Amino acid sequence: MSSQPLNRARVEASIAIAKVIFRHFHVALPPFAQWTTADWDRAGPDYQEARDCALGWDVTDFGSNDFSHIGRTLFTLRNGNIHDPRYPKSYAEKLILDPEGQRAPAHFHRTKREDIINRGGGNICVQLTRTDAEDRPAKGTLAVVVDGCRRAIASGETVRLTPGESLCIPPRTIHQFWGEEGTGYRIDGVGYTVSGEVSSVCDDVTDNFFFADLTRYPVIVEDAPRIHYLCNEYPGVEAVAR
Ligand SMILES: [Fe+2]
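If you want our numbering, it's the 1-based position in the sequence shown plus 285.
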């Protein structure tokens, strides 16, 4: 395993490839996806909901120092904010770039219920593990619903989603998903798949539980100019709300 803290050049390169891949699969992004930091600074208070609900680009290695294997490039299209009554939206939607070889760390949520949707490219593998009463991984079976069809799987089993398929991940279910090797849309030797997440309101600060010493928003090494704000970097957003 390589060990290199996530740096700004890598963040910007990942956003650039995500724009290309999303466009390839005809997934249109809202105009602010293209905005530079200067555009955001000019936008003023009219866009405060976007900032306060952490919409936009989200690139993280979860503090793994191994972005190629443990990381994510996401775009949050909509969300509420459970810490702020001005934003009562109870649902959220994200797009996720799935380069071959990269996955988020195994995690679960105590409140969020999420559907993972294969939006195009190759297959998406979703590993699901049940938890016990103390939120530890547990053996046994669990029920999974794929596009409204319910079936029992063994805890720890991996479900494959082909393009267009989706499944529901209930709260307190440990999950990890990734693009299946060799099945994605290839650019420069890497296969890419796009997944979507439709969920209940998402609180990324307090509702992600990992099984290793990881963090949702790592410190990024500033080795190159910042073109885009990440969703946790907008100026003027109070830390308590994030
Ligand atoms: Fe999740």
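Note that CB positions come from ideal geometry on N, CA and C, so glycine has one too.
Everything numeric in this text was worked out from a predicted model, so none of it was measured.
- Roughly how many angstroms separate the alpha carbons of I472 and G433, rounded to a whole number? On the sequence shown, position 187 is the one that residue 472 refers to. On the sequence shown, position 148 is the one that residue 433 refers to. Between I472 and G433, the C-alpha separation is close to 33 Å.
- Neighbour-count burial assignment, R421, 16 or more Cβ in a 10 Å radius: The residue given as residue 421 occupies position 136 in the sequence shown. The residue is exposed, with fewer than 16 neighbouring Cβ atoms inside 10 Å.
- Item | Distance, P384 Cα to G474 Cα | In the sequence shown, counting from the first residue as 1, residue 474 sits at position 189. In the sequence shown, counting from the first residue as 1, residue 384 sits at position 99. Using only the alpha carbons, I get a separation of about 10 Å.
- Can you give the Cα-Cα distance for T345 and V296, rounded to whole angstroms? One-based indexing of the sequence shown puts residue 345 at position 60. One-based indexing of the sequence shown puts residue 296 at position 11. So the alpha carbons of these two residues sit roughly 8 Å apart.
- Below 8 Å CB to CB, which residues in the same chain sit around S375 once its five sequence neighbours on both sides are set aside? In the sequence shown, the residue the question calls residue 375 occupies position 90. Excluding the 5 residues flanking it on each side, S375 has same chain C-beta neighbours closer than 8 Å at G365, S485, V486, in chain order.
- Roughly how many whole angstroms lie between the Cα atoms of A294 and H354? As a working note, residue 294 is residue 9 in the sequence shown. As a working note, residue 354 is residue 69 in the sequence shown. Taking the straight line from one Cα to the other gives about 17 Å.
- Does ligand 1 have a heavy atom nearer than 8 Å to the CB of H309? As a working mapping, residue 309 is identified with position 24 in the sequence shown. Outside the cutoff, so no.
- Have a look at S299, E378, Q289 and flag the residue whose alpha-carbon is nearest the alpha-carbon of P315. The residue given as residue 315 occupies position 30 in the sequence shown. Per the Cα distances, E378.
- Got a sec? Which residues, its chain only, sit under 7 Å from C410 by beta carbon, not counting five neighbours each side? Within the sequence shown, numbered from 1, the residue matching residue 410 stands at position 125. Excluding five sequence positions before and after C410, the CB atoms of its chain that fall closer than 7 Å to its own CB belong to T443, R445, F462, W463, E465, given in chain order.
- Within the same chain, show all residues whose beta-carbon is closer than 6 Å to that of I402, passing over the 5 residues directly before and after it, in chain order. For the purposes of this step, residue 402 is taken as the residue at position 117 of the sequence shown. Answer for I402: S451, G481, listed in chain order.
- Message: Restricting to runs no shorter than 3 residues, where is the beta strand (DSSP E) found entirely within the region 414 to 440?
- Response: As far as the region 414 to 440 is concerned, its whole beta strand (DSSP E) runs of at least 3 residues are 426 to 431, 434 to 439.
- E378 CB to nearest heavy atom of ligand 1 below 8 Å: Taking the sequence shown and counting its residues from 1, the one referred to as residue 378 is at position 93. Set against 8 Å, the gap from the CB of E378 to the closest heavy atom of ligand 1 is not smaller.
- Residues whose Cβ lies closer than 6 Å to any heavy atom of ligand 1, in chain order: Applying a distance threshold of 6 Å between residue Cβ atoms and the heavy atoms of ligand 1 selects H392, H394, E399, H460, given in chain order.
- Message: If you reduce the DSSP assignment to three classes, tell me which class A318 lands in.
- Response: Along the sequence shown, read from residue 1 onward, the residue named residue 318 stands at position 33. Shown here, A318 sits in a helix according to DSSP, grouped into three states.
- Taking the alpha-carbon positions, what's the F494 to Y477 distance? Your numbering for residue 494 matches position 209 in the sequence shown. Your numbering for residue 477 matches position 192 in the sequence shown. A direct Cα-Cα distance of roughly 26 Å separates F494 from Y477.
- Message: Taking 8 Å as the cut-off, does the region 411 to 430 touch the region 502 to 520 (at least 3 CB pairs, one atom from each stretch)?
- Response: Judged by Cβ distances under 8 Å, the region 502 to 520 makes no contact with the region 411 to 430, as fewer than three pairs qualify.
- Query: If we call anything under 9 Å between Cβ atoms a contact, is D488 one with I300?
  - Reply: Reading the sequence shown from its first residue, position 203 is the one you call residue 488. Reading the sequence shown from its first residue, position 15 is the one you call residue 300. By the CB criterion at 9 Å, D488 and I300 fall outside the cutoff.
- Query: Would a C-beta distance cut-off of 9 Å place V483 and D400 closer than the cut-off?
  - Reply: The count along the sequence shown starts at 1 and reaches residue 483 at position 198. The count along the sequence shown starts at 1 and reaches residue 400 at position 115. Yes, the Cβ-Cβ distance between V483 and D400 is below 9 Å.
- Leaving out the 5 sequence neighbours to the left and right, which residues in its chain are closer than 8 Å to T458 when beta-carbon positions are compared? In the sequence shown, residue 458 corresponds to position 173, counting from 1. Here the set comprises F393, L413, T414, R415, T416, L427.
- Task: Could you pull out every residue in the same chain whose Cβ sits closer than 7 Å to the Cβ of A526, ignoring the five residues on either side in sequence?
- Result: Translated into the one-based positions of the sequence shown, residue 526 becomes position 241. The predicted position of A526 is uncertain, since its pLDDT is 40 and thus under 50; a value taken from the coordinates is nonetheless stated next. The answer, listed in chain order, is D337, N366, H368, D369.
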